[in-house]
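Which chain is which? The protein sequence lines are A and B, in order. Here numbering that gives the first Met the number 0 is used: the first residue of the first sequence is 0, the next is one more, and so on. Here numbering that gives the first Met the number 0 is used: the first residue of the second sequence is 0, the next is one more, and so on. Notes to accompany the following structure.
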Amino acid sequence: MNTDAKPATEPVKEPDAPQDRDAEAKSRSLLRDITSGDALAGVLAVLLAVFVGSVMIAATDEAVRETASYITARPSDFVTALWESISGAYSAMFRGAVFNYNLTEPAQQWRPLTETLKFAGPLIAGGLGVGLAFRAGLFNIGGRGQMLMAGAAGGWVGYQLDLPMIIHLPLAILVGMAAGAIWGGIAGLLKARTGAHEVIVTIMLNYVAYYLLFYALSRQFLLQAPGSANPKSLPMKDTAILPKVLGDQFNLHLGFVLALVAVAVAWWLLNRSTLGYRIRAVGENPHAARASGIDVGRTYTVVMMIAGSLLGLAGINQVLGTVTSGISLDLDASIGFDAITVALLGRSRPLGILAAGMLFGALKAGGFTMQTSENISVDLVLVVQSLIVLFLAAPPLVRAIFRLPAQEAK
Amino acid sequence: MSTATVPPAAESGGLAPDPVVTPTRSAGTKKLPIILGVMTAFLAAIMLGSAHSGETTFQLSAETDFVTLPDITVPSMVTGWVMALVCAALAAEAVRRMLAHVRQPAWLPIAFAVAWMVGFLSWAAADDRIRLVSLLGGAVALAIPLVFGALGGVLGERAGVVNIAIEGQLLFGAFAAAITASLTGSPWPGLLAAMVAGALIALVLGLFAITYFVDQVIVGVVLNVLVIGLTNFLFRQVLTPNADTLNSPDRLRAVPIPVLGDIPLIGPILFRQTPLVYVLYAVVVLVTYALYRTRWGLRVRAVGEHPKAADTVGIKVNRTRYNTILLAGAIAGLGGAYFSLVSVAGFNREMTGGAGFIALAAVIFGKWDPIRATLAALLFGFASNLQGVLSAIGSNVPSQFMLMLPYLVTIFAVAGLVGRSRPPAADGIPYRKQ
Chain A
0 MNTDAKPATE PVKEPDAPQD RDAEAKSRSL LRDITSGDAL AGVLAVLLAV
50 FVGSVMIAAT DEAVRETASY ITARPSDFVT ALWESISGAY SAMFRGAVFN
100 YNLTEPAQQW RPLTETLKFA GPLIAGGLGV GLAFRAGLFN IGGRGQMLMA
150 GAAGGWVGYQ LDLPMIIHLP LAILVGMAAG AIWGGIAGLL KARTGAHEVI
200 VTIMLNYVAY YLLFYALSRQ FLLQAPGSAN PKSLPMKDTA ILPKVLGDQF
250 NLHLGFVLAL VAVAVAWWLL NRSTLGYRIR AVGENPHAAR ASGIDVGRTY
300 TVVMMIAGSL LGLAGINQVL GTVTSGISLD LDASIGFDAI TVALLGRSRP
350 LGILAAGMLF GALKAGGFTM QTSENISVDL VLVVQSLIVL FLAAPPLVRA
400 IFRLPAQEAK
Chain B
0 MSTATVPPAA ESGGLAPDPV VTPTRSAGTK KLPIILGVMT AFLAAIMLGS
50 AHSGETTFQL SAETDFVTLP DITVPSMVTG WVMALVCAAL AAEAVRRMLA
100 HVRQPAWLPI AFAVAWMVGF LSWAAADDRI RLVSLLGGAV ALAIPLVFGA
150 LGGVLGERAG VVNIAIEGQL LFGAFAAAIT ASLTGSPWPG LLAAMVAGAL
200 IALVLGLFAI TYFVDQVIVG VVLNVLVIGL TNFLFRQVLT PNADTLNSPD
250 RLRAVPIPVL GDIPLIGPIL FRQTPLVYVL YAVVVLVTYA LYRTRWGLRV
300 RAVGEHPKAA DTVGIKVNRT RYNTILLAGA IAGLGGAYFS LVSVAGFNRE
350 MTGGAGFIAL AAVIFGKWDP IRATLAALLF GFASNLQGVL SAIGSNVPSQ
400 FMLMLPYLVT IFAVAGLVGR SRPPAADGIP YRKQ
């Protein structure tokens, strides 16, 4: 929080930054402010967030605090401890996310990279769901609910039905995505028909979905495993599990490939299709879109259904791929919220979301290694992620912190 | 509405319903009879669905009370059906008034709610007893963070700043309260620290949303994630290893108010609570008074409804917004102290569990009015305590549906099915001085 408090005083003496932007900023939406900030500010935002993360690591490190107490006597001790804690954390992250140089066998050395891709899959799919809605000017905070409904519906198909794999797996995926589409579509439909704001509706639908699933998972005649007292369903049948892509020694499953397909489809949808044109037109200016004959309400409903199905894909990815031991209440693994930061970092563009999803997947995979080997809480990743997005959203702030003149950075 | 005052593109940030796609609708006179009818049918359906035998006891006072009221024991099903008939009669009255185009009086839904609740409770607690004091008193206690959070939300949104980060303010308040109370050995500095923590989150919100025009909803959502990450990180790295010194605060204990606490029924419910509740009463009154009866409140509302006009008459829009959200943040943060100083002693990971979003729901269900938002928060507190009481006596009412209630009614509220919720006109739209 220290670093957040510091710039609070600075904007006062930075009157030229907003003024400079004022002329051109008049007509552009705030969401687009994020989607079109300049690259330098983006890089600096990431650096700044990593710096804050480093401060947090160092400040909570036992050795650093010990040496800090006699820093004037022997500053070298302090510097060494500081370096060890921070470099230890980030090299553990690297070992967990990309390449483990402590191992000898090549396949095992590269295993962390496959873990990164495994974590990136649902983040990419979910990020696309949030990003697509952004492009239509809608803020989909309902990722959690959409994932839960999709996981429940697809998971039910996955453990209940007896079918050959060639039918079973696609059916489970489609049913799950359909459930996500319905849950997302409710928010779009309510917005179109009654003007109810999608932010409120999707937040509330998250909790409605949670308690619906809770209810279903605590009733034997619904989703709860027979004879069990835990809120958990039966495990998935083998015919419904997303197959491992690189053989059984790696956890990477087909979910990542599906996410890549989703990126391609979303790119085509946004940039090459009539619907995509409508989505972008509505997002740029709903009044103008309506005047030119686009059914704004219908576009809202459709885009929320597509967004819901993409988050549904993320939910399916969890239930049929990552945790196949049964539907549970935490199947969303907070991906529904991470997807928002992925979409913001990826500037709501499919390829940007792909990159952002990989980065956050790497942070997640690396974070777990950091927690086990350096005993630094994986929650640090959440802080760094959210700081990146915050700084990225306010390029003038980042320039102010680095004392860059606003004009030069343009 | 807002179309004339702001560039159209800026509307994407506001929480106001989009006028483009809002169809004109007739006045909602049909809603009340429909709701009452559905509720009556629901009550009849659950009693038909599973008939209970036996008697239900309503216990009106605890054994230790100064004045003890006698218990009331009634036959469960008979009472249930009588109340269902009363409900049906009230619903019929609402239909008659609708057809005669007469205004629906305020007592009608209230009488309906009481009759419905008595009928429901005597069905749900058959062969058991309902302790009214603990049912209602517990509801007040559970509503503490919701009311504080909702008041913070109302203040901020009245000034035109949407606060999705109430959850983060509650959580950070709980965190700061636990540490400070542990270090100082007294819960009181903890309350102060909770206010500072909530205001700090508000400051960050203001920095991004007011000074840098970042979309307020985005800032709020990201701030929630940030606070969850920060408190989880510090909880694991710092609080858990040093739990004795940093995370073992004294709990705030209930302090009965003399005389008032001895009033039958009302006393134990309202005046034998923790000091935080008495602070809450004062804050509700002060916020309501300040918002509607002072010059400051007029300015806050002006800034939230029409910032340009406010600017024209010399009100400093962004400074007013900053001051208001700092105050709002302090109030919301104080509510966070409930979790770590009243509910349990000590902080735990993500211990607010979505209460900030229920508070947000109360803001909207309460139509951005402090008193109504307080009542909405109390209603949500009641729903959640009723759920606890019923599952404690082993009732087979599915608790999940009662926990779902606040979220569900909020969706109905914003969709205009239950009254129309209209936010302040400039809610969520940053002000750029031209």
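Beta carbons are placed, not taken as given, at the ideal position from N, Cα and C, and that holds for glycine.
Three or more pairs of CB atoms, one per stretch, sit closer than 8 Å, so the region 157 to 177 of chain B contacts the region 338 to 348 of chain B. The beta carbon of residue 351(B) is closer than 8 Å to those of 144, 166, 169, 170, 173, 335, 338 in its chain, skipping five residues each way along the sequence. If you draw a straight line from the Cα of residue 298(B) to the Cα of residue 73(B), it is about 54 Å long. Here the region 337 to 357 of chain A lies against the region 262 to 273 of chain A, with 3 or more beta-carbon pairs under 8 Å apart. For residue 397(A) and residue 43(A), the gap between their C-alpha atoms comes out near 7 Å. Contacts with chain B at 8 Å (Cβ-Cβ) include residue 200(A).
Secondary structure at residue 50(A): helix, using DSSP grouped into helix, strand and coil. With contacts defined by Cβ atoms closer than 8 Å, residue 150(B) and residue 282(B) form a contacting pair. One finds 16, 410, 413, 414, 415 in chain B with Cβ atoms closer than 8 Å to the Cβ of residue 195(A), taken in chain order. When the alpha-carbon of residue 131(B) is set against those of 215(B), 117(B), 49(B), the nearest one is in 117(B). At a cut-off of 8 Å between C-beta atoms, residue 340(A) counts as an interface residue with respect to chain B. Between residue 372(B) and residue 361(B), the CB-CB gap stays under 8 Å. Residues of the same chain with a CB within less than 6 Å of the CB of residue 299(A), apart from the 5 flanking positions on each side, are 187, 190, 191 in chain order. With a contact defined as Cβ atoms closer than 8 Å, residue 254(A) and residue 120(A) qualify at about 4 Å. Using a CB distance cut-off of 8 Å, residue 353(B) counts as an interface residue toward chain A.
For residue 138(B), no CB of chain A lies under 8 Å from its own CB, so it is not counted at the interface with that chain.
The beta carbon of residue 300(B) sits closer than 6 Å to the beta carbons of 157 from its chain, once the five residues preceding and following it are set aside; these are given in chain order. Between the region 49 to 61 of chain B and the region 90 to 101 of chain B there are fewer than three inter-stretch CB-CB distances shorter than 8 Å, so the stretches are not counted as touching. Residue contact check for residue 392(A) against chain B: a CB pair falls below 8 Å. Rounded to whole angstroms, residue 231(B) and residue 52(A) show a C-alpha spacing of 14 Å.
Secondary structure of residue 218(A) (DSSP, three-state): coil. If you ignore the 5 residues before and after residue 180(A), its C-beta comes within less than 6 Å of the C-beta of 304, 307, 308, all in its own chain and listed in chain order. Within the model, the alpha-carbon separation for residue 116(A) versus residue 242(A) is close to 15 Å. Counting only the Cα atoms, residue 414(B) lies some 12 Å from residue 201(A). In the displayed model, residue 215(B) falls within a helix according to three-state DSSP.
Contact between the region 313 to 323 of chain B and the region 391 to 400 of chain B is absent, with fewer than three C-beta pairs closer than 8 Å.
About 6 Å separates the beta carbons of residue 425(B) and residue 303(B), which is inside the 8 Å limit, making them a contact pair. Using a Cβ-Cβ cut-off of 8 Å, residue 210(A) counts as an interface residue toward chain B, since at least one Cβ of chain B sits closer than that to its own.
It is roughly 22 Å from the alpha-carbon of residue 301(A) to the alpha-carbon of residue 170(A). In the three-state reduction of the DSSP assignment, residue 279(A) falls in the helix class, which pools H, G and I. By the Cβ test, the region 310 to 318 of chain A is in contact with the region 147 to 161 of chain A, since at least three Cβ pairs between them sit closer than 8 Å. Approximately 36 Å separates the beta-carbon atoms of residue 89(B) and residue 154(B); this is outside 8 Å, ruling out the contact. DSSP places residue 97(A) in the coil class of the three-state scheme, outside both helix and strand. Residue burial annotation: residue 107(A) is exposed, with fewer than 16 other C-beta atoms found within 10 angstroms of its C-beta.
Going by C-alpha positions, residue 80(B) is about 30 Å away from residue 100(B). Within chain A, not a single residue places a beta-carbon under 8 Å from that of residue 350(B); the smallest gap is close to 14 Å.
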